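Residues in the sequence shown are numbered consecutively from 28, following the numbering used here.
Backbone N, C-alpha and C define an ideal beta-carbon position, used for all residues, glycine too.
Note that this is a predicted model, so its numbers are computed, not measured.
Report on the structure given below.
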Amino acid sequence: DCDNADYLRVIGAGLGRTDTSSLKAALELLGFGPCHHMSELFDKPDRSLQFIRAFDGDKVDFHELMKGYGSTVDSPTSDFYKEIHKAYPKAKIVLTVRDSGEKWFESFQNTVGPVSVDNYYYFAVYLI
Numbered sequence: 028d029c030d031n032a033d034y035l036r037v038i039g040a041g042l043g044r045t046d047t048s049s050l051k052a053a054l055e056l057l058g059f060g061p062c063h064h065m066s067e068l069f070d071k072p073d074r075s076l077q078f079i080r081a082f083d084g085d086k087v088d089f090h091e092l093m094k095g096y097g098s099t100v101d102s103p104t105s106d107f108y109k110e111i112h113k114a115y116p117k118a119k120i121v122l123t124v125r126d127s128g129e130k131w132f133e134s135f136q137n138t139v140g141p142v143s144v145d146n147y148y149y150f151a152v153y154l155i
C-alpha cells in the first residue's frame with residue numbers, strides 16, 4: 028500500500044553528481060524519508076553485497092531491499108530504477124541532470140570516478 032510510510036514513493040533515476048545529495052535533503056524535508064543514498068552503503072555491507080549481486084545479474088528482491096525507505100537517489104539505486112519501479116509501481120520517478128555532459132564528467136572524474144570500476148565493485152573494498 029503506497030499510503031504506508033514504509034512504501035517507496037520516489038525513485039531517483041539521475042546519476043551521481045547530479046545534485047542527488049540536495050534532492051535527498053529536499054525529499055526528506057518534504058516527508059519522503061528516509062531517503063536511500065549511495066553514501067549509506069559504506070556503513071551497510073549487506074546492502075552493498077545485494078547491489079553487487081544485482082550488477083552481476085543475480086535476482087534481487089528490490090521490494091525487500093528498499094523496505095523502510097520513502098525514497099531513493101544516486102547510484103546504485105539509480106542504475107536499477109526500472110527494476111525498483113516494478114517493485115514499487117506507484118512510485119514517481121525523478122530524473123536529475125547536470126548542465127552538460129562535460130560538466131558531469133568533470134565532476135565525476137574529480138570525485139568518485141577514480142575509485143569506480145565496472146559494476147561498482149569499489150563497494151567491496153569497504154566490506155573487507
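Through-space distance from residue j to residue i, alpha-carbon basis
{"i": "Lys-113", "j": "Phe-107", "result": "10 angstroms"}
{"i": "Arg-52", "j": "Val-87", "result": "It is Ala, not Arg, that sits at residue 52 in the sequence shown. So the two alpha carbons sit approximately 27 angstroms from each other."}
{"i": "Tyr-115", "j": "Gly-39", "result": "13 angstroms"}
{"i": "Lys-117", "j": "Lys-109", "result": "12 angstroms"}
{"i": "Ser-134", "j": "Thr-45", "result": "9 angstroms"}
{"i": "Gly-140", "j": "Glu-129", "result": "14 angstroms"}
{"i": "Leu-68", "j": "Arg-74", "result": "6 angstroms"}
{"i": "Thr-138", "j": "Gly-43", "result": "10 angstroms"}
{"i": "Asp-70", "j": "Leu-76", "result": "12 angstroms"}
{"i": "Gly-84", "j": "Ser-49", "result": "30 angstroms"}
{"i": "Gly-41", "j": "Leu-57", "result": "19 angstroms"}
{"i": "Ser-127", "j": "Glu-91", "result": "35 angstroms"}
Other residues of its chain near residue i: CB distance less than 8 angstroms, five sequence neighbours each side excluded
{"i": "Phe-59", "result": "Arg-36, Val-37, Gly-97 and Ser-98"}
{"i": "Ile-111", "result": "Leu-35, Ile-38, Phe-89, Met-93, Thr-99, Thr-104 and Ala-118"}
{"i": "Arg-80", "result": "Val-87"}
Supposed contact pair residue j and residue i - C-beta distance, whole angstroms, cut 8 angstroms
{"i": "Pro-103", "j": "Phe-78", "result": "4 angstroms"}
Reference residue i, options the options, closest by Cα
{"i": "Met-65", "options": "Lys-130, Met-93 and Leu-57", "result": "Met-93"}
{"i": "Gly-95", "options": "Leu-68, Ser-49, His-63 and Leu-54", "result": "His-63"}
{"i": "Ile-120", "options": "Ala-81, Asp-101, Arg-80 and Glu-67", "result": "Asp-101"}
{"i": "Thr-47", "options": "Phe-82, Thr-123 and Asp-70", "result": "Thr-123"}
Contacts around residue i, its chain only, beta-carbon distance under 6 angstroms, and the 5 residues preceding and following it disregarded
{"i": "Arg-125", "result": "Thr-45 and Trp-131"}
{"i": "Glu-55", "result": "Cys-62"}
Residue i at chain D interface by Cβ criterion, 8 angstroms
{"i": "Ser-134", "result": "No chain D appears in the structure shown, which is made up of a single protein chain."}
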